[in-house]
Amino acid sequence: MQSNRKNAVAVLLSAGALLSAAPVATLAQDIPVGHLADFSGPTADVGRPYGQGVADAIAYINRHGGVGGKKLAAETTDYSYKAPQAIAAYKSWSGRVVAIQGWGTADTEALIGFVTNDKLPYYSASYAATLTDPVGGSKADRPAPYNFFYGPSYSDYARGMVQWAADDWTKKGGKGKPKYIHMGANHPYPNSPKAAAEEYAKELGFEVLTPIQYALAPGDFTPQCLTLKQSGANYAYLGNTSGSNVAVLKACQTVGVQVQFLGNVWGMDENAMKAAGSAASNVVYPVRTSATWTDAKAPRMAMMREISKMSDASGTEYRASHYLAGVCSTLYMKESMEWAMANGGVTGENIRKGMYVRQNWVPKGAEGVCVPSTWTAQDHRSVLKFDLYQTDVKAGDGSVGDLIAKGAIQMKRIATIELPRKKEWLGW
Amino acid sequence: MAGTVALRPCGDFRTTYGGDQTVFPTRLSLAFCFLGIAALCFAPFVFSKYVLSLLIQIGYLGIAALGLNILVGFTGQISIGHAVFFGFGAFASAYFSNKLNVPVFFAIPLAGVATTAVGLLFGVPAARLKGLYLAIATLAAQFILEDFFARASWFTGGVAGTAAKSFSIFGIEMSGDQRYFYVVLAYVVILYLAATNLMRTRDGRALVALRDHYLSAEMMGINLTKYRTMSFGVSAFYAGIGGALYGHYLGFVSVEGFGIFFSIQFLAMVIIGGLGSVMGTLMGTVFMVLLPEAMGGLAKLLSGSYIDRLLSLDEGVVFLREMAIGAVIVLFLIFEPDGLAHRWRQIRAYWKLYPFSH
Chain A
1419 MQSNRKNAVA VLLSAGALLS AAPVATLAQD IPVGHLADFS GPTADVGRPY GQGVADAIAY
1479 INRHGGVGGK KLAAETTDYS YKAPQAIAAY KSWSGRVVAI QGWGTADTEA LIGFVTNDKL
1539 PYYSASYAAT LTDPVGGSKA DRPAPYNFFY GPSYSDYARG MVQWAADDWT KKGGKGKPKY
1599 IHMGANHPYP NSPKAAAEEY AKELGFEVLT PIQYALAPGD FTPQCLTLKQ SGANYAYLGN
1659 TSGSNVAVLK ACQTVGVQVQ FLGNVWGMDE NAMKAAGSAA SNVVYPVRTS ATWTDAKAPR
1719 MAMMREISKM SDASGTEYRA SHYLAGVCST LYMKESMEWA MANGGVTGEN IRKGMYVRQN
1779 WVPKGAEGVC VPSTWTAQDH RSVLKFDLYQ TDVKAGDGSV GDLIAKGAIQ MKRIATIELP
1839 RKKEWLGW
Chain B
219 MAGTVALRPC GDFRTTYGGD QTVFPTRLSL AFCFLGIAAL CFAPFVFSKY VLSLLIQIGY
279 LGIAALGLNI LVGFTGQISI GHAVFFGFGA FASAYFSNKL NVPVFFAIPL AGVATTAVGL
339 LFGVPAARLK GLYLAIATLA AQFILEDFFA RASWFTGGVA GTAAKSFSIF GIEMSGDQRY
399 FYVVLAYVVI LYLAATNLMR TRDGRALVAL RDHYLSAEMM GINLTKYRTM SFGVSAFYAG
459 IGGALYGHYL GFVSVEGFGI FFSIQFLAMV IIGGLGSVMG TLMGTVFMVL LPEAMGGLAK
519 LLSGSYIDRL LSLDEGVVFL REMAIGAVIV LFLIFEPDGL AHRWRQIRAY WKLYPFSH
């Protein structure tokens, strides 16, 4: 066996020689961009529409003049929601890409140190509040000067929903202290707004109950629903993505739980409503665009329709709200790149500066869809205002678009929340 | 199947103990080994970052897989929880360097020692359990430690994971693929030599005796409990070092990386490479690292092609990779149970004796 040492070395060498032609085929004049997506992991239910939004927006940008004439060369990696794989992908990009469209909370938080060192703007689909403090000194562990995301943070969404719940309780004439409960997997993403929402709930006079855990991957959540029923909670925050929430909503309907569910921004969408049927009725959830695909015929959606055609030439596909969020995130990146190009070149540092130059801005063509946002060098909470929707779902057959057209799926805007920009709320 | 270690071509007799125990049977093989290592030293100047990252991956996985081969291939025990020891090493090294301010240079071997302790602890049931029962006991280790990683925030950073510092020596940062490659190469050479030599010692022979027939071994005076537990310890040490190297390479350690699938992959590496073969382990690792890359390339080629449309693979294309790994393990078990090492010996013998193979 010992004599095989040299052989193994030979194998190593030949393998290396085979692979030394690295598979990188970006043109020198292109702008390389990294794109991390979850197409096959536990959050793929919402990762697919969002990732498609990013990909379509990039294709659309490239077809319409690119960024100042240069094309965006996106390298997409499906990392299955595993932080180590995301970091491996990041390492393979570093030194080449100038910006990254990212995804989950665990990986984005893990990459904070890396992107800060490498000065790479990182547009995550994680809205964790820990990413909003670019300077440090807040409750966040460390500053995240190169992290951006479109829309309010998870914590602010949760605070907004707690605020709505408090109003709802008085409006309905509830007696005594309302009970609030956090539900979600033990994972950085569902955990992210837990402390913030619970503290705010206490402040508003809620009784906060012991959280209930349920997995990110859908499963049988009957035990969790029984616990929820026993707890006597009035308002339950669902911290997971929609696929997992469908499972929990269905189980809770079977068990007969009477709770007002509050879905997080990734926790409820049109596809989930179709999948869960009537179990998804009455859920309150935030929407981070000024329009949903139901407004697709409205003139302000013209560009979104064109973008959607990049992967659906027929133009008939229904796009869930996550798709639009992916498009918005990409368009903000594109416009700050344009600023960078005009002001010293497309580098990570300049793209970051490009994010700060305007106030309350919306990318061109996305007016009425992407919410006006402001990033400053001291505060990356770009938006503190959002709409709350409530679902009304009846069981039915057909595609999501059909069900909405038939009225089996209805989404009603029930409130617009505006939170104060409190300094002590920054970073958590 | 493990008996293949002793297989030699006809007429190849050893007449001295020295000749029987030598690491390099001929001067040429010694020269080739040195030449190979020297050639690898130039790898960072020749290969792209992508190839280097694969080589580094082969390095740290190969070290951990060697640990498993000592346990499974040489001692005849079984473990389907190897990934958590790999993970423990990564977390321990990150913990030592972050919280206790131990330089990474020392934190890596220290993590190996800490993992050995954990391995010995979980190896205790091995003294009494055999076969399937032992497999289930190690499965318990997998779940207990995985849960520990997710909850012990003080040690692992909980579900959010923990950052790991980069390797430095005499104030020189060994971060980046080009420099870190040498760190991994050094560890591979040292630990592979150590394992080869372990098998030449009294203890190593005791392990092999234990594997071949434990009753006979016990009658010869080998302390079964001691050696079975020791084997777990050594195996965990290798896993710990591999994990620590991985942690400092990636710069981040997260509990998600050490699931049961990863444990199975380690088993696949040693089965494909050859149970009871030090060099086979490295071959198996090379195979398992390159297979997903090759399948990934194939999936990319297939996507959008005629075959893709015909079979309506669509999103299934990316899963070809996972399926291929499963299929390869099954095929190896059926057609080449002795692993790549055995196949390689046969190829070599064929050329050496050509055209008169018998």
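These protein sequence lines map, in sequence, to chains A and B.
As numbered in our numbering, residues 1419 to 1846 make up the first sequence, in order.
As numbered in our numbering, residues 219 to 576 make up the second sequence, in order.
Using N, Cα and C, we set each Cβ at its ideal position, and we do this for glycine too.
At a CB-CB cut-off below 9 Å, which residues of chain A make contact with residue i?
i, result
"Val377 (chain B)", "Ala1524, Ala1603, Asn1604, His1605, Pro1606 and Asn1609"
"Ser449 (chain B)", "Those do not exist, as Ser449 (chain B) stays about 18 Å from chain A at its closest Cβ, beyond 9 Å."
"Gly469 (chain B)", "Ile1505, Lys1509, Ala1528, Gly1531 and Phe1532"
"Ser472 (chain B)", "Lys1500, Ala1501, Pro1502, Ile1505, Ala1524, Asp1525 and Ala1528"
"Gly475 (chain B)", "Lys1500, Ala1501, Pro1502 and Gln1503"
Quickly, what does DSSP pair residue i with across the bridge? List them, please.
i, result
"Pro1704 (chain A)", "A:Leu1806"
"Val426 (chain B)", "DSSP output for Val426 (chain B) lists no bridge partner at all."
"Val1485 (chain A)", "A:Lys1488"
"Trp1582 (chain A)", "Paired residue(s): none; Trp1582 (chain A) is not in a bridge."
"Asn1565 (chain A)", "A:Tyr1540"
"Ile1599 (chain A)", "A:Ala1654"
"Ala1517 (chain A)", "A:Val1451"
"Gln1631 (chain A)", "A:Gly1602"
"Ile387 (chain B)", "B:Ile390"
"Thr233 (chain B)", "Thr233 (chain B) is not bridged to any residue."
"Ala381 (chain B)", "B:Phe470"
"Ser1791 (chain A)", "A:Trp1779"
"Val1801 (chain A)", "Paired residues: none, contrary to the question."
Span of the alpha helix (DSSP H) holding residue i?
i, result
"His300 (chain B)", "His300 to Asn316"
"His606 (chain B)", "This structure gives no information on residue 606 (chain B), because the portion of chain B shown stretches from 219 to 576."
"Leu516 (chain B)", "Val496 to Leu520"
"Arg245 (chain B)", "Arg245 to Cys259"
"Phe399 (chain B)", "Asp395 to Leu416"
"Glu1842 (chain A)", "Glu1842 (chain A) -> no alpha helix (DSSP H), and no H or E assigned at all."
"Val1666 (chain A)", "Ser1660 to Val1673"
"Lys1593 (chain A)", "Looking at the DSSP string, Lys1593 (chain A) is not in any alpha helix (DSSP H), and its letter there is neither H nor E."
"Gln1777 (chain A)", "That residue, Gln1777 (chain A), is in no alpha helix (DSSP H); it is neither H nor E in DSSP."
"Pro1636 (chain A)", "Pro1636 (chain A) -> no alpha helix (DSSP H), and no H or E assigned at all."
"Asn1689 (chain A)", "Glu1688 to Ala1694"
"Lys348 (chain B)", "Looking at the DSSP string, Lys348 (chain B) is not in any alpha helix (DSSP H), and its letter there is neither H nor E."
List the residues of chain B that residue i touches, going by C-beta distances under 7 Å, in chain order.
i, result
"Ala1455 (chain A)", "Under the 7 Å cutoff, chain B gives no residues; its nearest Cβ is about 11 Å from Ala1455 (chain A)."
What first and last residue would you give for the beta strand (DSSP E) that runs through residue i?
i, result
"Thr1495 (chain A)", "Leu1490 to Asp1496"
"Lys1830 (chain A)", "Ile1827 to Glu1836"
"Val1451 (chain A)", "Ile1449 to Ala1455"
"Leu323 (chain B)", "With the sequence shown as reference, residue 323 (chain B) is identified as Phe, and Leu is not the correct amino acid for it. That residue, Phe323 (chain B), is in no beta strand (DSSP E); its alpha helix (DSSP H) goes Val322 to Gly341."
"Ile288 (chain B)", "First-last for Ile288 (chain B): undefined, no H or E at that position."
"Gly1681 (chain A)", "Gln1678 to Gly1681"
"Gln295 (chain B)", "Gln295 (chain B) -> no beta strand (DSSP E), and no H or E assigned at all."
Residue i versus chain A: which residues are under 8 Å apart at the beta carbon?
i, result
"Ser386 (chain B)", "Near Ser386 (chain B) there are no residues of chain A at all, since even the closest Cβ is about 15 Å away, more than 8 Å."
"Ser481 (chain B)", "What Ser481 (chain B) touches in chain A: nothing, since even the nearest Cβ is about 15 Å away."
"Ala381 (chain B)", "Ala1528 and Gly1531"
Touch check for the segment 1625 to 1636 of chain A and the segment 1651 to 1670 of chain A: three-plus C-beta pairs under 8 Å? yes
Of the residues that make up the segment 1550 to 1582 of chain A, which ones have a beta carbon closer than 7 Å to any beta carbon in chain B? none
Are the segment 268 to 286 of chain B and the segment 458 to 467 of chain B touching, with three or more C-beta to C-beta distances below 8 Å? yes
Could you please tell me which residues of the segment 352 to 379 of chain B, in chain order, have their CB closer than 7 Å to any CB of chain A? Ala368, Val377, Ala378 and Gly379
Quick check: the segment 1523 to 1538 of chain A against the segment 1461 to 1471 of chain A, are at least 3 beta-carbon pairs closer than 8 Å? no
Check whether the segment 474 to 486 of chain B and the segment 298 to 308 of chain B are in contact - that is, three or more C-beta pairs closer than 8 Å. yes
Check whether the segment 1801 to 1811 of chain A touches the segment 1822 to 1842 of chain A, taking contact to mean three or more Cβ pairs, one atom from each stretch, closer than 8 Å. The segment 1801 to 1811 of chain A, when compared against the segment 1822 to 1842 of chain A, does touch it at the 8 Å Cβ threshold.
For the segment 1791 to 1798 of chain A against the segment 1560 to 1569 of chain A, do three or more pairs of beta-carbon atoms, one drawn from each stretch, fall closer than 8 Å, so that the two count as touching? A contact between stretches requires three or more CB pairs, one per stretch, nearer than 8 Å, and the segment 1791 to 1798 of chain A meets this requirement with the segment 1560 to 1569 of chain A.
Taking only beta carbons into account, state which residues of the segment 1489 to 1501 of chain A come closer than 9 Å to chain B, listed in chain order. Asp1496, Tyr1499, Lys1500 and Ala1501
Counting Cβ pairs closer than 8 Å, one from the segment 1599 to 1616 of chain A and one from the segment 1507 to 1521 of chain A, do we hit at least three? no
With three or more C-beta pairs closer than 8 Å as the rule, is the segment 266 to 275 of chain B touching the segment 339 to 354 of chain B? Under the 8 Å Cβ criterion, the segment 339 to 354 of chain B does not count as touching the segment 266 to 275 of chain B, having fewer than three qualifying pairs.
Listed from N- to C-terminal order along the chain, which residues in the segment 269 to 298 of chain B have their beta-carbon within a distance smaller than 8 Å of any beta-carbon of chain A? Only those residues of the segment 269 to 298 of chain B whose C-beta falls short of 8 Å from the nearest C-beta of chain A are listed: Val269, Ser271, Leu272, Leu273 and Ile276.
Would you check if the segment 1698 to 1711 of chain A and the segment 1575 to 1591 of chain A touch, i.e. whether three or more CB-CB distances between them fall below 8 Å? Because the criterion of three Cβ pairs below 8 Å is met, the segment 1575 to 1591 of chain A and the segment 1698 to 1711 of chain A touch.
Would you be able to state if there are at least three C-beta pairs under 8 Å between the segment 357 to 373 of chain B and the segment 443 to 457 of chain B? Short answer: they don't touch.
If you pair each beta-carbon of the segment 407 to 423 of chain B with each one of the segment 345 to 354 of chain B, do three or more pairs fall below 8 Å? Taking a contact to require three or more Cβ pairs closer than 8 Å, the segment 407 to 423 of chain B and the segment 345 to 354 of chain B do not qualify as touching.
Can you find at least 3 beta carbon pairs, one from the segment 488 to 507 of chain B and one from the segment 286 to 293 of chain B, that sit closer than 8 Å? yes
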